[in-house]
Amino acid sequence: MLTAQAEPQTQVKRPPARGGLDAEALVRAAREATADVAPDSPAARAILLDTVRSALKSARAAAETELLATHKGTRCAQAIAHAQDEVIRAVHIWATRYVYPRENPSEAEALAIAAVGGYGRGTLAPGSDIDLLFILPYKQTPWGESVTEFVLYMLWDLGQKVGHAVRSVDDSIRMAKSDMTIRTATLESRFLTGDKRLFSQMRDRFETEIVEKTGPEFIAAKMAERDARHEAQGNTRYVVEPNIKDGKGGLRDLNTLYWIGKYFYRVRTSHELIDKGVFSRAEFRSFQRAEDFLWAVRCNLHFLLRRADDRLTFEVQQEMAERLGYADRAGMLGVERFMKRYFLVAKDVGDLTRIFCTSLEFAHAKKVDAFGRVFKSFRKTRRAIRGEPDFVLEHGRITIAAPDVFEKDPVNIIKIFWVAGREGVMFHPDALKQLTRSMRLIDKSLRADARANAYFKDILTAPKSVERILRRMNESGVLGKFVPEFGKIVALMQFNMYHHYTVDEHLIRAVGVMAEIENGGLKDELPLTHELLPHLSDVRLLYVTLFLHDIAKGRPEDHSVAGEAIARKFCPRLGFSPAETETVAWLVRHHLLMSEIAQSRDIQDPETARNFAEVVQSPQRLALLMILTACDIRAVGPGVWTGWKGSLLRALYYATEPLLSGGHSQVSQRQRISEAQDELAAALPDWPKSKLKAYTARHFPNYWLRAEPELQVAHAKMLDRAGENKGAFAATTAIKEFEGITEVSFYTPDHPRLLSLIAGACTMADASIIGAQIFNTRDGHALDTFRLRRTFKTDEDEKVRAARITETVKALLEGRKYLPDDLGHDSRYNRRLQPFSVPTEIFISNKLSDKFTVIEISGLDRTGLLFHLTRAISDLNLTIGSAHIGTYGEKAVDVFYVTDLTGGKIESKARQKRIRDALEAVFEPERQTKKGAA
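Residues in the sequence shown are numbered consecutively from 1, following our numbering.
Printed below as a string of structure tokens:
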């Protein structure tokens, strides 16, 4: 208890801050500058504010300069925190010495200021909040309130975000008992200035009344909090735009280890965890390196953006790579090298977390009841595994029976994963540590060992466990050593917006999708794959292909070609026959083919299926390629696979399969038209024959060959309503829930810019077009159907947007509304695309279709791109027969089937060049925008 005679300690003697910033020196400088005014006057306060602002700015500039020179992140964060400490101390000294001095302080007139939360650890990012706790002996007094307000208002006037609480010691303990967030913040509290005895009282009571009695409760809460945070961030550390603070493998995960270490092992510094046996010295060095790198990234990010933001988005990744010294190398951009380092660090954080948590669990496995869910699964003790003398189960997890198991027979390094998969068990930390120490044993002889490769082949083709075991092999480092080609793509990021994960994570997820299918899952999402699976000669080939299909990414050459060469070497190593090896190599070489054709070609054009069939050559390869493509797309990232893509793949499969199996592919065109018209008649039983005959006569033959039966029915009903209403314009909307699209059809007198006007209307409604079918009727009308990517959760909202588009198109056609020439430029989405560079390519072919010239355009996507492309095509006097719109992250691939105004192909080389020049010019505004931004 304080007494009136005991003068509280107002300032702790400490060395000057790095860079010369010191609280007493700041106070002296401000006092000298205020010699002519009262120190408690507004003028003096303004001078003090200018003094500390200038000092803080200089200290932060020095910290940034040092960070750019040394890339030492922890040191930067400590320097910023130290400068902040001195500023707060200086302001507090001024308040208590000159503005609110105490001549005879009562025992209640005492105050301590502590840093809490992340700031309490003595590290601070440039844009982070300043979390402070003002500690009172009992309750607030006018003096304490005045000092607190003076400090806070000064910090706010400095432009800082301050999180603060004012509590007595009793309140601090009471609230820490009931609130886990306050308990964690108190755990990390650090004395700054004021009466240190108050801070010591709070810390002592916190240790004895809370920490000593609630260890298991705190651990369980922190682990649950971590799991929830990971779930919110996508539950993987391999997302290509990671959150460096809250994401899996980020700073918060390291903080969690430190919190639990301080709380459970009662350590003051992370280094003490070595003495507690939690980390080896090598593991602790890994902890320090990871922390230093993550702090370097976070501080650089805040300095770069001049604000707090912990998401490493595409917009900043390139500049971050430059700030951290990563340059381009053969086959890899500097930004990809930087992100690979980031993901390797995130992987190290995951390894440390696993080691820490399992060590904690096993060190206290006897405390089952007290530790609840944390130690619940370790009731069982050590027991043998039948037929496996080298391995045992300890507390339900697999480990080695003797320390020399791997040394005695290196094949056991692979076999332990095989046994873990077969038995369905997790790994004991001792086994993981021994695996890490045995990496040198994975050499050429082990990679050539027939037993080791047989075990790996079984691991790779076991649907019940393959994804889990491959991921554990990858995390342990064994997979990259045993398959060196895989090791080269571990943590490799592709700098584009299409792929959501690193290459190694994508491959493991792709294998996992195949396993899920074979285990009976995804029947609704991938119905055709389940139909095909029983007819495959060997499902194992798909697992190997999926494991290898992107394994050559990051090389200068085409990854499909390089991957084929890897497959030809790797498959014999696993014991596959020459015929099986040839199939896998072919699948790797052509793993993108079916997706490209399905999404960028007119599947209803017979030439599309014929050209595809010439490459595929057999029904078995077609089935394998179909399943491979579906697994690959689903593993790219959330939302990439859609029912619409599935429907395109199925349509291509059904169009091609008869050509390869000798089915009904020889049906004449006239028969196909007749069958389509009969199917329409069956769907419209109420229509008289005369009405049906008159309607069918309105369409050209290509309509019956290319429009889907369901779409033909919708068109017939729409045109019938238009006739009844004697309207020149009609539209209809269909919501396709399974495909994830909204289908909007228009019937209107033909117009040379109709497709461009519809594309512009969609741009104005923020609707993304993914496909279009264009038809003309014999009476001079256009019948166009657009497929829009679904945006809203409810069908009603989708219909409202479709109605808005329809009304806009009608207004444009009637001249009541006009589209601006710069539609789509300078949008927020386009700014997000600025970091990327995609070469513009125009490909014109007369061989891909019997009736149309095919124009394939690829380049950097932007809002309104389709509007500008279709307008340019209209200006070229070309008629569009169908459009196939593809977007792969930042890359747009748009394909148009066109003819000239007479219905013929574009044969003239000179005219083809004019087409290329005009379409390339569409991308020029985007290049100018990027050039200006640079």
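From the three backbone atoms N, C-alpha and C, an ideal C-beta is built for every residue, glycine too.
In the three-state reduction of the DSSP assignment, residue 781 falls in the strand class. By the criterion of a C-beta distance shorter than 6 Å, residue 683 is surrounded in its chain by 713, once the five residues flanking it on both sides are discounted.
Residue 267 has its alpha-carbon roughly 45 Å from the corresponding atom of residue 835. Counting C-beta pairs with one atom in each stretch, the region 189–198 and the region 154–162 have fewer than three that are closer than 8 Å, which means they do not touch. Counting only runs that start and end inside the region 736–801, the alpha helix (DSSP H) elements of at least 4 residues fall at 754–764. The criterion of a C-beta distance shorter than 9 Å is not satisfied by residue 251 and residue 127. Pairing residue 572 with residue 578, the inter-Cα distance amounts to about 7 Å.
A straight line joining the alpha-carbon of residue 643 with that of residue 631 spans about 13 Å.
Collapsing the DSSP output to three states places residue 506 in a helix. If you check the CB distance, residue 769 and residue 622 do not come in under 9 Å.
Looking only at 759, 63 and 599, the smallest Cα-Cα distance to residue 649 is reached by 599. With contacts defined by Cβ atoms closer than 9 Å, residue 881 and residue 758 do not form a contacting pair. Under the DSSP assignment, residue 568 falls in the alpha helix (DSSP H) whose first and last residues are 559–573.
The C-beta distance from residue 118 to residue 293 rounds to 17 Å, too long to meet the 8 Å contact threshold. With 16 or more other CB atoms across the displayed protein chains lying within 10 angstroms of its CB, residue 411 is buried. Note on geometry: alpha-carbon atoms of residue 514 and residue 162 lie some 50 Å from one another. The alpha-carbon separation between residue 392 and residue 115 amounts to approximately 48 Å. Residue 849 and residue 702 have their C-alpha atoms some 13 Å from each other.
If you draw a 10 Å sphere on the C-beta of residue 255, you find 16 or more other C-beta atoms in it, and that means buried. The Cβ atoms of residue 77 and residue 418 lie no closer than 9 Å to each other.
Between the region 840–855 and the region 773–791, the count of C-beta pairs closer than 8 Å stays below three; the two stretches do not touch.
Assigned with DSSP and collapsed to three states, residue 688 falls in coil, not helix or strand. For residue 549, the number of other beta carbons within 10 angstroms of its own is at least 16, and it is reported as buried. Under the Cβ criterion (8 Å, minimum of three pairs), the region 38–55 counts as touching the region 89–103. The three-state secondary structure of residue 71, taken from DSSP, is coil.
With respect to residue 856, residue 898 sits apart: the two C-beta atoms are not nearer than 9 Å. With respect to residue 151, residue 91 sits close: the two C-beta atoms are nearer than 9 Å. The C-beta distance from residue 474 to residue 574 rounds to 18 Å, too long to fall under 8 Å, and the pair is not in contact. DSSP places residue 114 in the uninterrupted beta strand (DSSP E) bounded by 112–115. In this structure residue 616 is in contact with residue 660, their Cβ atoms being roughly 7 Å apart against a cut-off of 8 Å.
One Cα belongs to residue 920, the other to residue 860, and the distance between them is close to 11 Å.
Every alpha helix (DSSP H) stretch that sits fully inside the region 588–623 and reaches 4 residues is listed by chain position as 593–600 and 606–616. At the C-beta level, residue 276 and residue 188 stay beyond 9 Å of one another. Between residue 400 and residue 165, the alpha-carbon positions lie close to 52 Å from each other. When C-alpha distances from residue 752 are compared across 900, 537 and 140, the shortest belongs to 900. Nearest neighbour of residue 443 by Cα position, chosen from 488, 434 and 480, turns out to be 480.
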